[in-house]
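Right, one structure below, let's go through it.
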Amino acid sequence: MIWTVELRAKLGDFGLDVSLESEAPTLALVGPNGSGKSSIVRMIAGALSPVAGELQVAGEVLFSSRAGLNVAMERRRLGYMPQGFSLFPHLNVLDNVAYGLREKPSGLSRREAREFAKQALRRVDSEGLAERAPETLSGGEQQRVALARALAVSPRALLLDEPLSALDMTARHSVRQTLARHLASTGLPTMMVTHDVRDVAALGAECWVLENGRVVQKGSLGELRARPSNAFVEDFLAAGEGMD
Amino acid sequence: MRRKPSGHSIGTLLAFTLVVLLVLPLVALLLSAGTASLSAGLSDPLFGPALALSLRTTALALVAIVVLGTPLAWWLSRSSTRGRMLVEALVELPIVMPPAVLGVALLQAFGRDGVFSPVVGDLGGIPFTETAVVIAQVVVAAPFYVQGAANAFREVDSSMMGVARSLGSSPARAFLRVAVPAALPGLCVAASLAWARALGEFGATLLFAGNLSGETQTLPLAIYTALQADVKLAVVFSLALAGLGGFLLLLLRVLPRKVRGIQ
């Protein structure tokens, strides 16, 4: 099983109770705002701790309340891209991408890390940005760099929290294609939070539909279209019709 | 027809008035010090030791403030507990307390017959020493650093720290490699304010460390001593202190930009 996500958590007044497994390499978490999508991603990343549950990604147990195991965020080897761009403002693009390569387990020298970082930038068609400061980049460029940085450390999986939502239409389309191309060529397990059905279609993702901290439907876009479980799913699917 | 003054011009006038008020005493200081009295003042036997002591003690105080205050500022910027507000209020207390009160309080804490001497033993050796000067400066200046540094850290996006952790950094490494450099300009401004406050510290130092020439007499205390005998000398000392403060304040604000340029 690529994904085993069994989480129970209390975040203020909000309760999360999710239990799902999937063999699909690419998953899309969809649902209205406040349904718990980002919380799930943050718990898998290790930024939030659940009260109880079991988390397994690509064969590695990351959290198990039964076994008393909670792998530290820095040892999970997950490429995490939160909402926004989150590039380090004090480092140029190349050093942003090289950042993780200098940490364990890679532990490369600065020169080696920068060499690898150049290759990672090349893979997302951004090698020309290497010496630029993050604040001089467009939204699309920032997101490509953030993607290169997450991929540079060879993560076991990628966690993307609304990676395209802050981009304009053109940049969104272009980054989406880069992402789809990369995921298709590497087969890297990926979980993405999105509000856009076109992201789901482009990545061929399996959808997990959330509502009030519970998964209310799971399936491919075709399965969701055949039997939408609620009004949100109908609206979500309808929003993509005739676009792109 | 007479035009009514616009909001913009009233605002400019008010702002200009404040700037004049702030700059005027410094200009007066500059004008009242002649070239002859300047060179005589700078070679006065009081000046050299007081300047050296001020530089030495404020440097030590600044190191102590940054080392002790940075983790506290980080915690204040990230904590959402009820205790945070209490700690924040306690840290800021010295800002609103008269320095003389702090001096008396320090004497009560570290003096020979201080309230803690039965518990911590003989700390009576601290008052009226160089160590006392540094402690007084730390107590009055640290709140300025902690407050400014906490504000600078609040600007550091939590998700950025999350990304650093996901890329393999331990919490401490993420703090040192991301939070501190990202907040560096704000940290430098906070440090420069604290340093300026320590350099100008007078009341608490006078009461807790005394005014012993060559031992605890910092430049502000030397100004006070000079003022009682020779106003011209006090003017020269004041000018030197103001110039030094202005120079280092500028340096600490330019430095982070240079550091970023290198990276």
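In order, the protein sequence lines correspond to chains A and B.
Our numbering numbers the first residue of the first sequence as 23 and each following residue consecutively.
Our numbering numbers the first residue of the second sequence as 137 and each following residue consecutively.
Virtual Cβ for every residue (Gly too), placed ideally from N, Cα, C.
Keep in mind it's a predicted model, so treat the numbers as computed, not measured.
Residue environment, residue i, which counts as buried when at least 16 other CB atoms sit within 10 Å
i: Gln165 (chain A); result: buried
i: Ala248 (chain A); result: exposed
i: Ser302 (chain B); result: buried
i: Leu84 (chain A); result: buried
i: Met191 (chain A); result: exposed
i: Gln399 (chain B); result: Interpretation of Gln399 (chain B) is limited by its pLDDT of 46, a score under 50 that renders its predicted location unreliable; the figure taken from the coordinates is listed afterwards. Looking at its Cβ environment, which holds fewer than 16 other Cβ atoms inside 10 Å, Gln399 (chain B) is exposed.
i: Ile146 (chain B); result: exposed
i: Thr153 (chain B); result: exposed
i: Asp218 (chain A); result: buried
i: Ala117 (chain A); result: Note on identity: in this sequence residue 117 (chain A) is Asp, with Ala being the wrong assignment. It is buried - the Cβ of Asp117 (chain A) has at least 16 other Cβ atoms within 10 Å.
i: Met267 (chain A); result: Chain A is shown from 23 up to 266; residue 267 (chain A) falls before or after that span and cannot be answered.
i: Ile271 (chain B); result: buried
i: Thr217 (chain B); result: exposed
i: Val79 (chain A); result: buried
i: Asn114 (chain A); result: buried
i: Gly304 (chain B); result: buried
i: Arg248 (chain B); result: exposed
i: Pro235 (chain B); result: buried
i: Pro156 (chain A); result: buried
i: Met221 (chain B); result: exposed
i: Leu158 (chain B); result: exposed
Extent of the continuous alpha helix (DSSP H) run through residue i
i: Val199 (chain B); result: Phe183 to Arg214
i: Arg178 (chain A); result: From DSSP, Arg178 (chain A) is part of no alpha helix (DSSP H); its letter is neither H nor E.
i: Ala164 (chain B); result: Gly143 to Ser168
i: Lys140 (chain A); result: Arg132 to Arg145
i: Leu201 (chain A); result: Met191 to Thr208
i: Val282 (chain B); result: Glu266 to Arg290
i: Met221 (chain B); result: Arg218 to Val232
i: Arg64 (chain A); result: Lys59 to Ala67
i: Asp293 (chain B); result: Where Asp293 (chain B) is concerned, there is no enclosing alpha helix (DSSP H), given that its DSSP letter is neither H nor E.
i: Thr341 (chain B); result: Gly339 to Ala345
Contacts that residue i makes with chain A (C-beta to C-beta distance below 9 Å)
i: Arg309 (chain B); result: Glu96 and Glu125
i: Gly298 (chain B); result: Arg64, Ala67, Gly68, Ala69, Met95, Tyr102, Pro104 and Ser108
Rounded C-alpha distance that separates residue i from residue j
i: Gly161 (chain A); j: Ala170 (chain A); result: 14 Å
i: Met296 (chain B); j: Val238 (chain A); result: 31 Å
i: Ala209 (chain B); j: Ala285 (chain B); result: 6 Å
i: Ala260 (chain A); j: Val390 (chain B); result: 54 Å
i: Leu212 (chain B); j: Glu291 (chain B); result: 13 Å
i: Glu228 (chain A); j: Cys324 (chain B); result: 49 Å
i: Gly58 (chain A); j: Leu380 (chain B); result: 56 Å
i: Arg220 (chain A); j: Ser60 (chain A); result: 19 Å
i: Ser215 (chain B); j: Gly346 (chain B); result: 39 Å
i: Ala172 (chain A); j: Thr216 (chain A); result: 18 Å
i: Ile231 (chain B); j: Ala202 (chain A); result: 56 Å
i: Val156 (chain B); j: Pro141 (chain B); result: 21 Å
i: Val255 (chain A); j: Ala224 (chain A); result: 18 Å
i: Phe344 (chain B); j: Glu351 (chain B); result: 13 Å
i: Leu160 (chain B); j: Asn287 (chain B); result: 31 Å
i: Val227 (chain B); j: Arg64 (chain A); result: 33 Å
i: Ala378 (chain B); j: Arg333 (chain B); result: 12 Å
i: Gly244 (chain A); j: Gly262 (chain A); result: 13 Å
i: Val52 (chain A); j: Lys240 (chain A); result: 10 Å
i: Ala120 (chain A); j: Phe138 (chain A); result: 7 Å
i: Gly226 (chain A); j: Arg198 (chain A); result: 12 Å
i: Gln364 (chain B); j: Leu385 (chain B); result: 29 Å
i: Pro111 (chain A); j: Ala318 (chain B); result: 6 Å
Partners in chain B for residue i, counting only beta-carbon separations shorter than 7 Å
i: Gln164 (chain A); result: Within 7 Å Cβ-Cβ: nothing; Gln164 (chain A) doesn't reach chain B, min ~13 Å.
i: Gly122 (chain A); result: Leu303 and Gly304
Host beta strand (DSSP E) of residue i (start-end)
i: Asp249 (chain B); result: Taken as a continuous stretch (DSSP letters only), Asp249 (chain B) belongs to no beta strand (DSSP E), as it is neither H nor E.
i: Tyr102 (chain A); result: Leu100 to Met103
i: Asp366 (chain B); result: Neither: Asp366 (chain B) is in no beta strand (DSSP E) and is coded neither H nor E.
i: Gln353 (chain B); result: From DSSP, Gln353 (chain B) is part of no beta strand (DSSP E); its letter is neither H nor E.
i: Met213 (chain A); result: Thr212 to Val215
i: Glu256 (chain A); result: Taken as a continuous stretch (DSSP letters only), Glu256 (chain A) belongs to no beta strand (DSSP E), being part of the alpha helix (DSSP H) at Ala253 to Ala261.
i: Leu232 (chain A); result: Glu228 to Glu233
i: Gly150 (chain A); result: Element bounds for Gly150 (chain A): n/a, residue is neither H nor E.
Cross-chain neighbours of residue i in chain A, by beta carbon under 7 Å
i: Val314 (chain B); result: Phe110
Interface partners of residue i on chain B, CB under 8 Å
i: Val175 (chain A); result: Leu303 and Gly304
Residue i: contacting residues in chain A (beta-carbon distance under 8 Å)
i: Ala318 (chain B); result: Phe110, Pro111 and His112
i: Asp293 (chain B); result: Gly106 and Ser108
Chain C contact for residue i (CB, 8 Å cutoff)
i: Gly90 (chain A); result: Within the model displayed, chain C is absent; protein chains A and B are what it includes.
Can at least three beta-carbon pairs, one atom from the segment 171–188 of chain A and one from the segment 99–116 of chain A, be found at a separation below 8 Å? yes
Report yes or no: do the segment 48–64 of chain A and the segment 205–212 of chain A share at least 3 C-beta pairs separated by less than 8 Å? yes
Please determine if the segment 239–253 of chain B and the segment 265–276 of chain B are in contact, where contact requires at least 3 C-beta pairs separated by less than 8 Å. yes
For the segment 355–364 of chain B and the segment 179–187 of chain B, state whether three or more C-beta atom pairs, one from each stretch, are separated by less than 8 Å. yes
Do the segment 134–146 of chain A and the segment 119–126 of chain A touch if we need at least three Cβ pairs shorter than 8 Å? Output reads yes: the segment 119–126 of chain A touches the segment 134–146 of chain A.
Contact between the segment 262–271 of chain B and the segment 313–332 of chain B is defined here as three or more beta-carbon pairs at a separation below 8 Å; is this criterion met? Not touching, per the Cβ criterion.
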